[in-house]
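Accompanying notes for the structure given below.
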Amino acid sequence: MGTFKALLKVHSSDRVGLISLVTGHLFDRNINLGDTSFAILDKNGVFTSIIEIPSDLTEETLSNEINSLDGLKDAIVQVKKIDLANSKTPSTKVTHHIHCEGEDQPGLLARLSEVFIDYDANIVGLKSDQVQTTSGNIFITHFSVNIPKSRTNSCLAALSNTAGELRQSLTSETAES
Numbered sequence: 001m002g003t004f005k006a007l008l009k010v011h012s013s014d015r016v017g018l019i020s021l022v023t024g025h026l027f028d029r030n031i032n033l034g035d036t037s038f039a040i041l042d043k044n045g046v047f048t049s050i051i052e053i054p055s056d057l058t059e060e061t062l063s064n065e066i067n068s069l070d071g072l073k074d075a076i077v078q079v080k081k082i083d084l085a086n087s088k089t090p091s092t093k094v095t096h097h098i099h100c101e102g103e104d105q106p107g108l109l110a111r112l113s114e115v116f117i118d119y120d121a122n123i124v125g126l127k128s129d130q131v132q133t134t135s136g137n138i139f140i141t142h143f144s145v146n147i148p149k150s151r152t153n154s155c156l157a158a159l160s161n162t163a164g165e166l167r168q169s170l171t172s173e174t175a176e177s
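For the sequence shown, the tail end lands on 177 under full-length UniProt numbering, and the numbers increase by one without skipping.
Spelled out as structure tokens, the structure:
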């Protein structure tokens with residue numbers, strides 16, 4: 001029996017045991033997990049994984065099964081077949097961790113992330129949070145990036161300049177090899 005790859009996304013209210021519930025069901029259905037992430041967005045849990053599904057199981061059936069699990073009736077479950085065999089991607093080896101923090105404002109993440117394009121740097125991971133303080137909302141962003149060695153200093157300088165223009169504090173550190 002063959003298999004196919006799919007993208008699984010489960011968006012639901014967060015609760016203790018959510019990951020165990022979903023991954024336990026996938027194990028019971030003989031589904032192998034590949035790259036997987038989980039994050040809290042607002043007050044919701046978002047589980048995302050590249051999965052390998054037995055050919056006799058349809059995307060719709062799997063989606064319905066996950067929605068029928070205890071506490072996931074109102075979850076948004078998406079299962080979509082994918083073909084990544086011919087995809088060409090930039091390096092995913094993290095070379096730097098970057099922390100940016102400051103007053104929240106529209107377009108902040110767009111402006112910061114655009115800097116990486118000019119230096120052929122790839123954002124490998126991103127986590128941002130809007131935090132309410134007594135003086136207003138601040139936006140905290142953590143980037144894990146791959147910056148080509150020959151362009152590192154220029155990229156970090158440009159990123160620091162952009163962050164400064166946006167009234168953000170920025171720190172960076174080299175990732176451990």
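For glycine and all other residues, C-beta sits at the position ideal for the given N, C-alpha and C.
Computed from a predicted model, the values in this text were never measured in an experiment.
For D42, no alpha helix (DSSP H) encloses it, and the DSSP letter there is neither H nor E. Closest option to H97, judged by alpha-carbon separation, among S13, E176, G2 and D14: E176. Contact check between the segment 121 to 136 and the segment 45 to 59: fewer than three CB pairs, one atom from each, fall below 8 Å, which does not count as touching. Here Q130 is exposed: its Cβ has fewer than 16 other Cβ atoms, across all protein chains shown, within 10 Å. DSSP places T3 inside the beta strand (DSSP E), whose first and last residues are T3 to S13. Between D70 and K43, the C-beta gap is not smaller than 8 Å, which leaves the two residues out of contact.
Under the three-state reduction of DSSP output, N161 falls in the helix class. The C-alpha of F38 lies about 22 Å from the C-alpha of D83.
Ranked by how close their Cα comes to the Cα of N153, the residues T95, G125 and E101 have T95 in first place.
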